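If you use full-length UniProt numbering, the sequence shown corresponds to residues 1 to 247, in order.
The structure appears below as structure tokens.
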Amino acid sequence: MNLQRLWNFNIWRNVNHVSSRHSHPHKLNFIPSTALTKTKYFFGLTGKLQYPNRTLRISGENLFIICAEYPVFEDFVQHLKLPDTFQTWFSLTILHIWMCYVRLRQEGEEGHIVKKWMDRALWEDMGHRVRAFKILTKSSKQIRVFRGQYFGNMVGYDEALLSCSDSHLAGALWSNIWFSCPTTTFQQIEILIKYVRKQLEHLEKTPSNVFLESGAPMFLPLMQDELDASLAKQRLRYCLTFPEHYK
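As structure tokens, then:
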């Protein structure tokens with residue numbers, strides 16, 4: 001697939017652009033990264049909050065595992081023709097984490113704290129998974145590779161969001177999910193870009209307490225526009241009782 005064709009391809013002309021409501025994600029909850037601020041966050045001394053730090057920590061940990069395990073991985077492999085690999089799981093997990101980060105930017109300091117605990121849970125879990133699944137004997141080296149992908153993906157998705165352009169989002173998804181594979185079709189990318197757009201809208205409508213108090217939002221299915229209540233409850237139950245696979 002030629003990247004320039006991707007920018008210009010008219011498949012996107014009948015698709016509404018990414019909502020401008022998300023067009024300034026970094027301006028919603030800027031918190032100065034001073035030494036004093038970092039110390040306060042470390043000890044949970046964050047001033048007057050609606051929820052205690054312990055609740056926000058649990059919510060962040062729950063949010064991570066929901067991003068990692070709630071989406072039906074097999075659906076993405078089947079419909080997007082992705083390889084059934086650990087790398088694919090990681091790339092899809094980062095995409096869902098990013099979508100939750102976008103929503104958490106509306107929650108001020110509490111959203112910042114939940115995001116921090118999500119990030120910690122991600123890298124603690126990754127260390128366990130890399131060792132448990134014997135991906136590489138030198139797990140620390142592989143973790144550094146995944147960290148690089150994580151930051152690159154986040155920047156790419158944020159730039160696409162700021163551009164309010166489906167073509168830029170398509171380019172970011174093609175690069176981060178398919179690793180710019182030339183056999184990727186426009187139809188496959190269209191499925192995922194529509195998924196991201198509907199998911200951002202769905203998460204925006206989800207009440208704040210779902211993110212801050214329980215950390216248990218539900219994701220829409222890949223190929224459907226409405227929640228399947230039975231499946232959603234089943235996936236939530238699975239995530240919140242997720243086995244400690246690495247022990």
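The beta-carbon is built from N, C-alpha and C at its ideal position, and this holds for glycine as well.
All values derive from a computational prediction rather than experimental measurement.
Quick one: what does DSSP say residue i is sitting in, helix, strand or coil?
i: cysteine 100; result: helix
i: methionine 218; result: coil
i: aspartate 75; result: helix
i: lysine 84; result: Contrary to the premise, residue 84 reads as aspartate rather than lysine in this sequence. Three-state result, aspartate 84: coil.
i: phenylalanine 242; result: coil
i: phenylalanine 133; result: coil
i: glutamate 226; result: coil
Our contact map puts residue i next to residue j with C-beta atoms below 8 Å; I'd like the distance itself, whole angstroms only.
i: glycine 60; j: glycine 171; result: Between glycine 171 and glycine 60 the Cβ distance is about 30 Å, and since that is not below 8 Å, they are no contact.
i: threonine 93; j: alanine 68; result: 5 Å
i: isoleucine 65; j: phenylalanine 242; result: 5 Å
i: isoleucine 193; j: leucine 173; result: 6 Å
i: leucine 212; j: glutamate 110; result: 5 Å
i: glutamate 124; j: serine 208; result: 26 Å between Cβ atoms; not a contact.
i: tyrosine 101; j: cysteine 239; result: About 18 Å separates the two Cβ atoms, so there is no contact after all.
i: residue 279; j: glutamine 188; result: Nothing in the structure corresponds to residue 279, since the chain is present only between 1 and 247.
i: serine 91; j: isoleucine 191; result: Contact flag wrong, Cβ pair sits at about 15 Å.
With 16 other CB atoms within 10 Å as the buried threshold, where does residue i fall?
i: glutamate 226; result: exposed
i: residue 256; result: The structure shown has nothing for residue 256, since the chain only spans 1 to 247.
i: valine 130; result: buried
i: valine 196; result: buried
i: glutamine 78; result: exposed
i: serine 140; result: exposed
i: glycine 148; result: exposed
i: arginine 105; result: buried
i: proline 182; result: exposed
i: arginine 237; result: exposed
i: arginine 103; result: buried
Among the residues of its own chain, which have a CB less than 8 Å from the CB of residue i, if the five just before and after it don't count?
i: leucine 231; result: Pro221
i: serine 175; result: Gly156
i: serine 23; result: Low per-residue confidence applies at serine 23: pLDDT is 39, beneath 50, and the placement is therefore not dependable, though the value from the model is reported in the following sentence. Closer than 8 Å at the Cβ level, and outside the excluded window around serine 23, lie Leu161, Leu162, Cys164.
- Segments assigned alpha helix (DSSP H), at least 4 residues, entirely inside the region 44-71: Every alpha helix (DSSP H) stretch that sits fully inside the region 44-71 and reaches 4 residues is listed by chain position as 53-69.
- Residue ranges of each alpha helix (DSSP H) within the region 141-224, 4 or longer: Counting only runs of 4 or more, we get 166-177, 186-205.
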